[in-house]
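These notes are about the structure you will find just below.
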Amino acid sequence: MTALAAALLLTAPAQAELLALTGANVVDIEGKAPVRDAVVVIDGETIKAIGPAASTPVPSGARVIPLNGKWLIPGLMNMHVHLALNLPGATRVYNESRESIALRMLDNAQKSLRSGVTTIRLTGAQDGIDFTVKKMIDSGVFDGPRIHTAGSSIVATGGHGSTEVNGAAEFSQAVREQIKRGATWIKLGISGGISDTHGDIAGSPFTDDELKTAIEVAHRNGVKVMGHNGSPIAAATAIDAGIDGFEHGYFLTPPVLTRMKEKGIWLVPTIVVSQKGARAFYQKIGSPDWYLDRVDSVGKGHWAMLQNAIRIGTPIALGSDQYPWEPNEGTTATIREAELYAEAGMTPLQALRAATIEPARMLGVDKQVGALRPGYLADIVAVDGDPTADIRALRTISLVMKGGKVIVAPAE
Ligand SMILES: [Zn+2]
């Protein structure tokens, strides 16, 4: 046993508590009828049984949490998260210490979990601090969401990301280094970002050789690759090179979105960052005018792209690019992102799936999380109404549970 595995055993919560959630309706993520007036039995970390109260006994000795009339859904999943955002603006921190970054990341992870987001994917962090935060949460020292991380994002010099390399050899080394540290995804900045002051957001600065090599090396290690991308030209090259998903996709065209559907390439839209709800956030952090203008000009194309992707059926997993808990139009960035999917053409069930089982499928963990079924981890959120009838029901989260542990308890 490794030292880390031993440490995990020592610090993992020892009590295997038996819990029963009663009186709620359990949403079926496949769109079948909900289980009404259900009993959900949770044994330790996992769901043991779900069924109607009439035929599902509450085990003796179980702690009962009454949730009469609530609706239960899987914990939300947010696939584009930076826990230590540092955007252009008055609040930008220069030369921030590693300790400060670590504390901000932990704080944002905890706030994310309390807002109902039980799994996140980190899409670019600094100095390997993300791996430490993940370990501290996984070992039970701190509460926080389940973390999948890409480590530091890799780019060609001048690109949108932190680890700058050039040529196939340096790319393969950079990919291997992130995987060695613990990355379960690789993020490549294959086109420019909204916050960049240089380069063409619609350009394609990687050479074919760099892109192919980076993706090949990741895949040889069993790791998937996402491309930060808004450019149809960069998209075409990356699809040929075997990429697994695109982030943002600002200006992706219907032909690109159609090829993505055919090849099962994921889109993580982060639509919330370019729409009007984010303005209050950018103003709060004191973003400069050029940045606000750039967001506005990207926003319209981004919205049209999202509508096209939904119409075409490109696989979509929810990601916000803002803190999952960040206030946005009276709710959180995660929930607003899901609402925007519905406003752009998804059914409420599709929007809920994009926030739960679809990210689980993208991560390859859809047999553990993303649905409420016996044998799945008890990552459970309660809301007041049926989100498959109206996705805005997500605004009424009253219970958050991760792995059978109650993180936010409903008011008495
Ligand atoms: Zn991002």
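Mapping of the sequence shown onto our numbering: position 325 corresponds to residue 322, and the numbering continues sequentially without gaps. All C-beta atoms in this analysis are idealised placements derived from N, C-alpha and C, irrespective of residue type, glycine included.
Throw me the rounded Cβ distance for the residue i and residue j pair, which I believe falls under 8 Å.
i, j, result
"Ile187", "Ala235", "6 Å"
"Thr311", "Leu360", "Incorrect: roughly 17 Å between the Cβ atoms, too far for contact."
"Met223", "Thr120", "7 Å"
"Ile262", "Gly242", "6 Å"
"Ala306", "Leu369", "So it is not a contact: roughly 27 Å between Cβ atoms."
Confirm, please, whether the CB-CB distance from residue j to residue i is below 7 Å.
i, j, result
"Ser317", "Val269", "yes"
"Pro140", "Leu110", "A small correction: the amino acid at residue 140 is Asp; Pro does not occupy that position in the sequence shown. For Asp140 and Leu110, yes; Cβs fall inside 7 Å."
"Ala21", "Leu69", "yes"
"Leu349", "Pro321", "no"
"Arg333", "Gly274", "yes"
"His157", "His225", "yes"
"Leu18", "Val37", "yes"
"Pro71", "Thr393", "no"
"Gly41", "Gly367", "no"
"Gly86", "Ser284", "yes"
"Ala314", "Pro251", "no"
"His77", "Glu244", "yes"
"Lys132", "Trp182", "no"
"Val23", "Ala35", "yes"
"Ala59", "Leu15", "yes"
"Met302", "Gly246", "yes"
"Lys184", "Ser150", "yes"
"Ala379", "Lys67", "yes"
"Thr115", "Lys399", "yes"
"Ala165", "Thr210", "yes"
"Asn75", "Thr331", "yes"
"Val397", "Ile404", "yes"
"Met102", "Leu80", "yes"
"Val172", "Ala215", "yes"
"Leu249", "Ala231", "no"
How should residue i be labelled, buried or exposed, when 16 other C-beta atoms within 10 angstroms of its C-beta is the threshold for buried?
i, result
"Leu7", "Residue confidence is low: Leu7 scores 49 on pLDDT, short of 50, so the model does not pin down where it sits. Its coordinate-derived value is still stated next. Looking at its Cβ environment, which holds fewer than 16 other Cβ atoms inside 10 Å, Leu7 is exposed."
"Pro229", "buried"
"Asn92", "exposed"
"Thr154", "exposed"
"Asp237", "exposed"
"Ser271", "buried"
"Glu207", "buried"
"Ser112", "buried"
"Pro54", "exposed"
"Val292", "buried"
"Pro10", "Its pLDDT being 49, under 50, Pro10 is placed unreliably in this model, and the coordinates cannot settle the point."
"Met(-2)", "Residue confidence for Met(-2) is low, a pLDDT of 48 falling below 50, so the modelled location carries little weight and cannot support an answer."
"Ala99", "buried"
"Val138", "exposed"
"Gly227", "buried"
What I want to know is whether the C-beta of residue i ends up closer than 6 Å to one or more non-hydrogen atoms of ligand 1.
i, result
"Asp127", "no"
"Thr331", "no"
"Thr120", "yes"
"Glu40", "Strictly speaking, residue 40 in this sequence is Asp, with Glu absent from that position. Not so, every heavy atom of ligand 1 lies at least 6 Å from the Cβ."
"Asp318", "yes"
Notebook entry, point to check: Any chance the segment 88 to 103 sits against the segment 372 to 380, with 3 or more Cβ pairs inside 8 Å?
Noted result: Not touching, per the Cβ criterion.
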